Amino acid sequence: MRYANWTLERDAEGIAWATLDVADAGANTLGLAVMTELGDILDELDRQPPTGLVIRSGKPAGFIAGANIEEFTRIDSAEAARALVSRGWSLFDRLTAVKYPTLALIRGHCMGGGLELALACRYRITVDEPGTRLALPEVMLGIYPAWGGMLRLPALIGPAAALDLMLTGKGVDAAKARRLGMADACVPPRVMDNAARMLLLSGQAPHPLPFMQRLLNGPLRGIVARKARAQVAAKARPEHYPAPYAILDVWSNYGGNALDVPASSPSSLEAILRSPTAGNLIRVFFLQERLKGFGKDADFRPRRVHVVGAGVMGGDIATECALRGMIVTLQDQSVERIAPAIARAGKRFARKFRGKPREARFALDRLIPDPAGHGVAQADVIIEAIFESLDAKRSLLADIERRARPDAVLASNTSSLRISDIASALADPARLVGIHFFNPVAMMPLVEVVRTGATAEDGFRRAAAFVRKLDKLPLPVKDEPGFLVNAVLGPYMYEALRCVDEGIAPATIDAAMTAFGMPMGPIELVDTVGLDIAVAAGKALAGADAVLPRSLAERVAAGQLGKKSGQGFYAWPGGKVSRPAAGAIPEGLAARIIAPLLAASQACVDRGVVADADLADAGVIFGTGFAPFTGGPLNFARGPRAAA
Amino acid sequence: MTEPIYIIDGARTPFLKAHNAPGPFAASDLATAAGSALLARQRFLPEQLDEVILGCASPSPDEVNIGRVVALRMGCGLKVPGWTVMRNCASGMQALDSAIANIRCGRSQLVLAGGVDALSRAPLLFSDPMVRWFAGWMGARSLGDKLAALKKFRPAYLAPVIGIMKGLTDPIVGQLMGQTAENLAWKYGISRYDMDAYAVESHLRVAAAQDAGHFADELVPLIEADGTVHAADDGLRRDASLAGMAKLKPFFDKKYGRVTPANSSQITDGATWLVLASEAAVEQFGLTPLGRIVDSQWAGLEPEEMGLGPVHAATPILRRHGLGLDDLDLIEINEAFAAQVIACLRAWQDDDYCRHRLGLEGALGAVDPARLNVDGGAVALGHPVGASGARIVLHLLHALRRRGGRRGLASICIGGGQGGAMLVEAL
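Chains as they are written, first to last, in the working numbering: chain Y, 234 to 877; chain D, 527 to 953.
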């Protein structure tokens, strides 16, 4: 038989090789057509059983990226939700039950439904390459792995490791998959086909779960689930994020089968698939995909980057570039000023390349201290990240423009100055773009790419492409004060500070906002970015004669600048916040503090700082951590809504 | 001899003195750091090099063909070949000479060549008896075999062999390098005082050169992964004095000898690179040379008098170009040992030696101390074996340019009984 998305071949030993290559797609996903064809393949093999079946990918991108999320968004009824789950559950059940041995050959990403398919095979081999990654990330979309993942993963590797993967959605690489027992072997690509053949025909029994793990996955399930629930509760509230709680419930009470959960239960697939959170998180997923698309049309491969300014921002930007394989020259006034950035990079590389000291060393090799700024002449991208002085930035970039290659991207990382004000110092002001990173650079996914009315389209596109090379999300913004993120955060932080002026305890304010779903309270955020920075940001947004909140002005006058000075609104002994207990939260406090943020988001859309409301939502979520389950500030402002 | 060889630029790491423990950088780390910084300031891209040649006397076991390892780590790309040369103490100079040869025969136009060693990382080795015992142990299958093997073990087997002592012992005559310096001291009646005074002068010259910034053009600071900065050569003793020198005991010929650690070069880690280019490459990339290498020469002599290698290598060059010692604006003789440098000067003044050993008609003459090793040498800076030959060529050019000189000669003695020399011209 011929299949649209699969090829099925039998070799001399009678092994059937099913290769998935989804038509008209860059990556394999498990849509209806693909799964129907897999059923057909099993039918065909039933008629003439093979000695074994290998399932592999024909895509260079990876194994299977997961279910087809577009299909999720089209679920319009409880019946449709049940049908979607049932389809995968029974197909993979059938795959598990076939008489001949089965093997998933996993090279590249293997996510969600893709991993559930692999788990339904008797054997799994991971191919030891950097791109190989196995995960059940459903929880991040507000849903759960209902095609057998909740049943099979705990049975395969024990509940502790399995719940950790399912509740966080985080992935493991090829070697760790082998260590955890998810894979039977982890092999280099050169022997993967041979390994698949040998393992498939070995008759080797699946490795048994250790006795203790069997107990935990059996009679002791309830205890494990209770403990895990307490850990989840410390991180996510059930009213915001129901899925992790549902995963625990389905695993411990329904044998991992979501189809058995009565529709009335909050853990039911009807409740989960149609929850506002799932709808919003899937929306956020698509927003993220949209941001990833910026810069795609530029054929730009930056090899060399020059960063001026080895402070925290500049140093960390340089570090990320070196981490991603670029050769970076890092300039500051002296080697001594560059050294702390190298030390931070050393730590980051050691963490990122744990167990691979050579990779860590090579990343350090790519980060070249350059006090004289020689690197400018060779660089493909040049980023200015010095202190926020218009004069200094103007003269620096004018000098860089003279020495840089004519095709190099010239960028400023300024957060409080106008790109156009800096660009006017250049012979060709169209060359300058803003590439605005957020602190801490390693953690924050968003990067604002700023263009003035004059910025050349090509330079802008290459800047966005560069941001993608760092695996960050570029957000195109207009050259207005605070761009998007700071323009939205400023009024929010100032409103919180005015609440402090009115006598509400900082800890109470922060508690109100974390309860709302913010990752960090606004007062702790002010302490973290620095009170002096907060003052400067306020002035940049509202003008030099803006009225500062009293609580802010007093502390800055007293030299209490927050975390960096050891004391701000909170004490920071040893760099860790010491937060007193929160008081009772006044009615409407969170709504009052969030209101200016919502208004500022809308204002940014109205002024065209971002092109549309969706981009504002994306920017505020990925740039500030704004409660993702809300789907973003403007989505939130429109009021609660059910999933599409 | 027709094709001119241009030196475009060069850089080295600070030379870091070994402190009886592995230093912070492996040899490949040192060469990568200096080379990356050097390449980042060129008018060409690293990928445009024709080859990378690195001299190294003792790469670690995971740096086999260190020249290729470093070329890749510096970002020269897959297509730039890298190789390693070894001529003991002149490995760095050999790399330059190999680059010259390939440029002259037209194989290469643009070459990165230099030298490196991390002597602090020289290994401790198992002794031969220990290795033999271990082989027997691994081969023992039964319990009886194992017990029998165990009975043969002797605690003395555990005494390690210090790799660097092996490396610094001549394999033919079995003498330590310091003992070959003792031979020269004996031959020319060089006193402990002569050596110590020379050594003090070397430290004073390096101190003055550091203070005046004379190393700034060639140095690339190193930063450890923990942020520790190494900006300058750290072997220098600013408090060097004759009284201090006198306190040290002879090391190589214990008790009765004259050569001490203080009047010898230091055991040190470091790397040096030079960019060499043909006329065509200079034009193609619009390069501005520092100078050119006019001629080079290798020579052999008795291993136990290896310290006289410089006179054997330098003399033929001078004869070929009809030059006397006074025609050289500056001379570098690598300071492996104070005694050995002094012996070179005495040999050139020795009528008999010049006639019979150098084929001259009489003594060549005296070297003006004001032109010799003007900014000090390896006694104060250290001698990271593979790097030194390249360092003296690079420094010689910078010193010539600074002082308005034109012609200079760099020479180095080589363990095993050889000498190397290069005649350069500043541009």
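For glycine and all other residues, C-beta sits at the position ideal for the given N, C-alpha and C.
Being a predicted model, the structure only gives us computed values, none of them experimental.
(message) Give me the DSSP bridge partner(s) of Trp609(D).
(response) Residue pairing for Trp609(D): DSSP places it in a beta bridge opposite Ile579(D).
(message) Please tell me whether Ile248(Y) and Gly285(Y) are closer than 8 angstroms, where the distance is taken between their beta carbons.
(response) The answer is yes: Cβ separation under 8 angstroms.
(request) Decide if the region 724 to 732 of chain Y is in contact with the region 679 to 697 of chain Y; the criterion is three or more beta carbon pairs, one per stretch, under 8 angstroms apart. (result) Because the criterion of three Cβ pairs below 8 angstroms is not met, the region 724 to 732 of chain Y and the region 679 to 697 of chain Y do not touch.
(message) Quick check: does the Cβ of Gly375(Y) come within less than 7 angstroms of any heavy atom belonging to the ligand MG?
(response) With respect to small molecules bound, the structure shown includes none, and the ligand MG cannot be examined in it.
(message) Is Asp535(D) close to chain Y? Criterion is C-beta to C-beta, closer than 8 angstroms.
(response) For Asp535(D), not one C-beta of chain Y is nearer than 8 angstroms to its own C-beta.
(request) Check Gly945(D) in the structure and name its three-state DSSP category. (result) In the structure shown, Gly945(D) sits in a strand (DSSP, three-state: E or B).
(request) Note down, in chain order, every chain D residue with its Cβ under 9 angstroms from the Cβ of Glu617(Y). (result) Here the premise fails: no neighbours, minimum Cβ distance about 18 angstroms.
(request) Classify Ser937(D) as helix, strand or coil using the three-state DSSP reduction. (result) For Ser937(D), the three-state secondary structure derived from DSSP is strand.
(request) Decide if Ile698(D) is buried, meaning its Cβ has at least 16 other Cβ atoms within 10 Å, or exposed. (result) Exposed, by the Cβ-count rule.
(message) Please list, in chain order, the chain Y residues whose beta carbon lies closer than 9 angstroms to that of Lys742(D).
(response) One detail in the question is off: residue 742(D) reads as Ala in this sequence, not Lys. For Ala742(D), there are no C-beta contacts with chain Y under 9 angstroms, since the nearest C-beta of that chain is about 11 angstroms from it.
(message) How far does the alpha helix (DSSP H) with Trp712(D) in it extend, from its first residue to its last?
(response) First-last of the alpha helix (DSSP H) with Trp712(D): Met703 to Tyr714.
(message) Taking 7 angstroms as the limit between beta carbons, can you name the residues of its chain near Asp493(Y), skipping five residues before and five after?
(response) Tyr487.
(message) Quick check: what's the CA-CA separation for Phe716(Y) versus His539(Y)?
(response) Computed Cα separation, rounded: 24 angstroms.
(message) Need the endpoints of the alpha helix (DSSP H) that Ala446(Y) sits in, please.
(response) Strictly speaking, residue 446(Y) in this sequence is Gln, with Ala absent from that position. Looking at the DSSP string, the run of the alpha helix (DSSP H) that includes Gln446(Y) is Phe444 to Asn450.
(message) Which residues of the region 554 to 574 of chain Y have a Cβ closer than 8 angstroms to any Cβ of chain D? Give them in chain order.
(response) When C-beta distances to chain D are compared with 8 angstroms, the residues of the region 554 to 574 of chain Y below that value are Ile560, Thr562, Val568, Glu569, Ile571, Ala572 and Pro573, in chain order.
(request) Out of Gly588(Y), Gly754(Y), Thr747(Y) and Cys732(Y), state which residue places its alpha-carbon closest to the alpha-carbon of Lys409(Y). (result) Measuring from the Cα of Lys409(Y), the nearest candidate turns out to be Gly588(Y).
(request) Return the first residue and the last residue of the beta strand (DSSP E) that Thr240(Y) is part of. (result) Judged by DSSP secondary structure, Thr240(Y) falls within the beta strand (DSSP E) whose first and last residues are Trp239 to Arg243.
(message) Assuming Pro550(D) and Glu577(D) are in contact, meaning their beta carbons sit under 8 angstroms apart, how far apart are those beta carbons, in whole angstroms?
(response) The Cβ separation is near 29 angstroms, so there is no contact.
(request) List the endpoints of the continuous alpha helix (DSSP H) containing Val596(D). (result) Segment Ile592 to Arg599, the alpha helix (DSSP H) holding Val596(D).
(request) Taking only beta carbons into account, state which residues of the region 572 to 601 of chain D come closer than 8 angstroms to chain Y, listed in chain order. (result) Residues passing the 8 angstroms Cβ filter: Arg599, Met600 and Gly601.
(message) Going by the DSSP bridge assignment, what does Leu638(D) pair with across the sheet?
(response) According to DSSP, Leu638(D) shares a beta bridge with Val578(D) and Val801(D).
(request) Would you kindly work out how many angstroms separate the C-alpha atoms of Glu787(Y) and Arg927(D), rounded to a whole number? (result) C-alpha separation (whole angstroms): 60 angstroms.
(message) According to DSSP, simplified to helix, strand and coil, what is Leu684(D)?
(response) In the three-state reduction of the DSSP assignment, Leu684(D) falls in the helix class.
(request) Given a cut-off of 8 angstroms, decide if Ile376(Y) and Asp417(Y) are closer than it, judged by their beta-carbon atoms. (result) Their beta carbons are not under 8 angstroms apart, which means Asp417(Y) does not touch Ile376(Y) by this criterion.
(message) As a quick exercise: from Pro819(Y), Leu253(Y), Asp765(Y) and Asp632(Y), pick the residue whose alpha carbon is nearest that of Pro739(Y).
(response) When each option's Cα is compared against that of Pro739(Y), the closest is Pro819(Y).
(request) Spell out the partners DSSP gives Gln564(Y) in its beta bridges. (result) Looking at the DSSP output, Gln564(Y) bridges to Val541(Y).
(request) Taking only the alpha-carbon atoms, compute the straight-line gap between Lys711(Y) and Thr814(D) and give it to the nearest angstrom. (result) If I take the Cα positions, the gap works out to 44 angstroms.
(request) Measure the alpha-carbon distance for Gly943(D) versus Gly833(D) and round it to whole angstroms. (result) For Gly943(D) and Gly833(D), the distance between alpha carbons rounds to 8 angstroms.
(request) Look up Ile843(D) in the DSSP assignment and say whether it is helix, strand or coil. (result) If DSSP states are grouped into helix, strand and coil, Ile843(D) belongs with the helices.
(message) In the DSSP assignment, the beta strand (DSSP E) including Val614(Y) goes from what residue to what residue?
(response) Val614(Y) -> beta strand (DSSP E) spans Val614 to Glu617.
(request) Alpha carbon to alpha carbon, how far is Gly345(Y) from Leu600(Y)? Give it in angstroms, no decimals. (result) Their Cα atoms are separated by approximately 36 angstroms.
(request) Within 10 angstroms of the Cβ of His545(D), are there 16 or more other Cβ atoms? Answer buried if so, exposed if not. (result) The residue in question, His545(D), is exposed, as its Cβ has fewer than 16 Cβ neighbours within 10 Å.
(request) Identify, in the order they occur along the chain, each residue of the same chain with its Cβ nearer than 6 angstroms to the Cβ of Glu242(Y), setting aside the five sequence neighbours on each side. (result) The residues are Trp250.
(request) Quickly, what does DSSP pair Phe582(Y) with across the bridge? List them, please. (result) None; Phe582(Y) has no bridge partner.
(request) Would you mind stating whether Ala913(D) and Asp623(D) have Cβ atoms separated by less than 8 angstroms? (result) It is not a contact, given that the beta carbons lie outside the stated cut-off.
(message) Does chain Y have any CB closer than 8 angstroms to the CB of Ala952(D)?
(response) No, Ala952(D) lies away from the interface with chain Y (no Cβ there is under 8 angstroms from its Cβ).
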